[in-house]
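Report on the structure given below.
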Amino acid sequence: MSKNFTRRGLAAIAAGAALFLSGPLAAQSYPDRPITMIIMSSEGGGMDRASRYVGDALADVLGQPMRYVNRPGASGQIALQSFIASEDDGYTIFSGNIPTLLLGYGAQDQDIVLEEEITWLGAYLNDPAILATAASSDYQTASDLIADATNRPIRVGVANWSSVQTLALLHLAEQTGAQFEIIPFSGFRNAATAMLAEDIEAAVGNFAAVEQLGEEARSLGIFAPESPNENHTPLAEQLGVPIFAAASNRALAVHQSLEANQPERYSTLMAAYEQVVSDIEFAANFSAIRAQPSQLITWGEAEAATAASDILNLLEQYRELFDQGG
1 MSKNFTRRGL
11 AAIAAGAALF
21 LSGPLAAQSY
31 PDRPITMIIM
41 SSEGGGMDRA
51 SRYVGDALAD
61 VLGQPMRYVN
71 RPGASGQIAL
81 QSFIASEDDG
91 YTIFSGNIPT
101 LLLGYGAQDQ
111 DIVLEEEITW
121 LGAYLNDPAI
131 LATAASSDYQ
141 TASDLIADAT
151 NRPIRVGVAN
161 WSSVQTLALL
171 HLAEQTGAQF
181 EIIPFSGFRN
191 AATAMLAEDI
201 EAAVGNFAAV
211 EQLGEEARSL
221 GIFAPESPNE
231 NHTPLAEQLG
241 VPIFAAASNR
251 ALAVHQSLEA
261 NQPERYSTLM
271 AAYEQVVSDI
281 EFAANFSAIR
291 AQPSQLITWG
301 EAEAATAASD
311 ILNLLEQYRE
321 LFDQGG
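By my numbering, the letter at position 29 of the sequence shown is numbered 29, and the numbering carries on one by one without gaps.
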């Protein structure tokens, strides 16, 4: 389990750690009432389950209940606006998927600057994108597919067009000279069905979704510098070109002003978050949200912010193609 907290994050954690007793922070003046978590999805989905899982663990550490408010829609923008409008007193936390939120934010004119409104506590779950094909396909490696795609357009399915997987394919095509006909489906399950029937040559889905296909699918590579297991070889390692680390990153954020205006509360939240994601039992029980312990990450504010910045930069780079496809 990696420890990727920044120097500033570690300083905050150290300050907050001084507040800890052997158990919850019940003896402290903050928090002295329930904390609200605004979730950028509807109830019952993967984002909601993950948010409540980490939220319940935070509540145990902080010694106060966590209230959950679901604000689905508009790629997270409804939840974001609701969070920004809330009091910046440390009693409201934002929970979302970094890529989905940033693609929704970057795709439209905004009257806010996101970096001036929120600060990421960190990201705790990483679900990297996988390039896959049917087990019956002639493609044995990513190099086989890329070689074919340099001679003719290859049909590659994605769950939907406005996704980090689409950005990853546009970047991969530029890096390798491959020709991809990117076909958006209504969800990865439909893309996978078309792939397994060989109606399309390949599909890109997140690690968890591709793993569920079992032996029916063949992983050609992962859009990440490291693989969660031996079944997926990093595409950068195979192809020898830079690869965008496309993934679903579940993360928590607070108001950007909290650190300056209420540093003790900010430090307390940072310390609680670090305690949660570093806990062995928290990782071991990841199956409760249909995830594997290998998907746990301990990104701090800087790592989460860098991931967000990379997505916005790539969106700007391919905006014309991205907007045309959408």
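Backbone N, C-alpha and C define an ideal beta-carbon position, used for all residues, glycine too.
Nothing here was measured: the structure is a model prediction, and the numbers come from that model.
1. Considering residue 66, what are the terminal residues of the beta strand (DSSP E) in which it resides?
2. Bridge partners of residue 52, per DSSP?
3. Return the CA-CA distance between residue 170 and residue 133, expressed in angstroms with no decimal places.
4. What's the gap between the Cα of residue 107 and the Cα of residue 73?
5. Of the choices 184, 264, 256, 163, whose alpha-carbon is the least far from that of residue 157?
6. Is it right to say residue 323 is buried, meaning 16 or more other beta carbons lie within 10 angstroms of its own, or is it exposed?
7. Pick helix, strand or coil for residue 112, following the three-state DSSP scheme.
8. Does the count of Cβ pairs from the segment 145-163 and the segment 306-317 closer than 8 Å reach three?
9. With respect to the alpha helix (DSSP H) encompassing residue 316, which residues constitute its N-terminal and C-terminal limits?
10. Report yes or no: do the segment 204-216 and the segment 137-145 share at least 3 C-beta pairs separated by less than 8 Å?
11. Under the three-state reduction of DSSP, which class applies to residue 322: helix, strand or coil?
12. By the DSSP assignment, the alpha helix (DSSP H) with residue 148 in it spans what residues?
13. Just to confirm, is the Cβ distance from residue 256 to residue 35 under 8 Å?
14. Assign residue 255 to one of three DSSP states: helix, strand, or coil.
15. Could you tell me which residues DSSP puts in a beta bridge with residue 95?
16. So who's on the other strand from residue 242, going by DSSP bridges?
17. Taking the alpha carbon of residue 302 as the reference point, which residue from 252, 292, 179 has its own alpha carbon closest?
18. Which class does residue 231 belong to by DSSP, given the choice of helix, strand or coil?
19. Using only the alpha-carbon positions, how far apart do residue 297 and residue 250 sit?
20. In whole angstroms, what separates the C-alpha of residue 313 from that of residue 76?
21. According to DSSP, is residue 226 helix, strand or coil?
22. Report the CB separation of residue 277 from residue 61 in whole angstroms; it is logged as a contact under 8 Å.
Once the coordinates are examined:
1. To locate residue 66, count along the sequence shown from 1; it is residue 66. Unbroken beta strand (DSSP E) run through residue 66: 66-70.
2. On the sequence shown, position 52 is the one that residue 52 refers to. None; residue 52 has no bridge partner.
3. Residue mapping note: residue 170 aligns to position 170 of the sequence shown, counting from 1. Residue mapping note: residue 133 aligns to position 133 of the sequence shown, counting from 1. Looking at the two C-alpha atoms, the distance is approximately 18 Å.
4. On the sequence shown, position 107 is the one that residue 107 refers to. On the sequence shown, position 73 is the one that residue 73 refers to. Approximately 14 Å between the Cα atoms of the pair.
5. On the sequence shown, position 157 is the one that residue 157 refers to. Closest option to residue 157, Cα to Cα, is 184.
6. Locating residue 323 in the sequence shown gives position 323, counting from the first residue. Counting Cβ neighbours within 10 Å, residue 323 comes out exposed, since fewer than 16 surround it.
7. As a first step, residue 112 must be located in the sequence shown, where it is residue number 112. Coil.
8. No, the segment 145-163 does not touch the segment 306-317.
9. As a first step, residue 316 is located in the sequence shown; it is residue number 316 there, counting from the start. Looking at the DSSP string, the run of the alpha helix (DSSP H) that includes residue 316 is 301-317.
10. Touching, no.
11. Counting from 1 along the sequence shown, the entry for residue 322 is found at position 322. Reduced to three states, the DSSP call for residue 322 is helix.
12. As a working mapping, residue 148 is identified with position 148 in the sequence shown. For residue 148, the enclosing alpha helix (DSSP H) has its first and last residue at 142-149.
13. Along the sequence shown, one-based indexing puts residue 256 at 256. Along the sequence shown, one-based indexing puts residue 35 at 35. Contact: no.
14. Here residue 255 is taken as the residue at index 255 of the sequence shown, counted from 1. Of the three classes helix, strand and coil, the one that applies to residue 255 here is strand, per DSSP.
15. Taking the first residue of the sequence shown as 1, we reach residue 95 at position 95. Residue 95 pairs with 39, 252.
16. Residue numbering aside, residue 242 sits at position 242 when the sequence shown is read from its first letter. None; residue 242 has no bridge partner.
17. Here residue 302 is taken as the residue at index 302 of the sequence shown, counted from 1. Among 252, 292, 179, the Cα nearest to that of residue 302 belongs to 252.
18. Against the sequence shown, residue 231 aligns to sequence position 231. Three-state DSSP puts residue 231 in coil, outside helix and strand.
19. Here the question's residue 297 lines up with position 297 in the sequence shown. Here the question's residue 250 lines up with position 250 in the sequence shown. Distance between the alpha carbons of residue 297 and residue 250: 10 Å.
20. Position 313 of the sequence shown, counted from the start, is the residue given in the question as residue 313. Position 76 of the sequence shown, counted from the start, is the residue given in the question as residue 76. Cα to Cα, the separation comes out at about 19 Å.
21. As a position in the sequence shown, residue 226 is number 226, starting the count at 1. Looking at residue 226 - three-state DSSP - the assignment turns out to be coil, as it is neither helix nor strand.
22. Taking the sequence shown and counting its residues from 1, the one referred to as residue 277 is at position 277. Taking the sequence shown and counting its residues from 1, the one referred to as residue 61 is at position 61. Contact flag wrong, Cβ pair sits at about 11 Å.
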